[in-house]
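Throughout, my numbering is defined as the position within the sequence shown, counted from one, plus 161. Below you'll find the structure, written out as structure tokens, and then a few comments.
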Amino acid sequence: EARVSFEAEREALGRENDAVEADVREVFGRERDALEGEAEALAVDRGALEGEARALDEARVSFEAEREALGRENDAVEADVREVFGRERDALEGEAEALAVDRGALEGEARALDEARVSFE
């Protein structure tokens, strides 16, 4: 009777163990499926972020190229402005010198006229 009771209890424990193993496999299966789903979603997110990073890098490269081009253009404009203002300055200095010569001549004529007036009086 003890042997029969022992075997019956062993069979009952075996069935209980099989049920626990089935529950554990089911729970772990659901957890594994959920984690695999999360991993797939993260892979999609990673792909999207890598795409955004590439787009930002391309935009940065384009921006830097445009900034360099604008810098060269700015340098060319500054050189043109310096050249134009330099020519204008030179022309104005030439005119100022000519006016100074004219002034000197006019002052000389004024002195001569003043001397002639004094002599006339």
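Using N, Cα and C, we set each Cβ at its ideal position, and we do this for glycine too. Model, not experiment: these values are computed from the prediction.
Rounded separation between residue i and residue j - CA only
i: residue 240; j: residue 213; result: 40 Å
i: residue 202; j: residue 173; result: 43 Å
i: residue 186; j: residue 215; result: 42 Å
i: residue 219; j: residue 227; result: 12 Å
i: residue 247; j: residue 264; result: 25 Å
i: residue 229; j: residue 236; result: 10 Å
i: residue 162; j: residue 180; result: 27 Å
i: residue 196; j: residue 166; result: 44 Å
i: residue 238; j: residue 250; result: 18 Å
i: residue 217; j: residue 205; result: 18 Å
i: residue 275; j: residue 259; result: 24 Å
i: residue 272; j: residue 278; result: 10 Å
i: residue 254; j: residue 234; result: 30 Å
i: residue 182; j: residue 191; result: 14 Å
For residue i, the three-state DSSP class (helix, strand or coil)
i: residue 162; result: coil
i: residue 282; result: coil
Inside the region 217 to 268 only - alpha helix (DSSP H) runs reaching at least 4 residues: Under the rule that a run must span 4 or more residues, no alpha helix (DSSP H) segment is found entirely inside the region 217 to 268.
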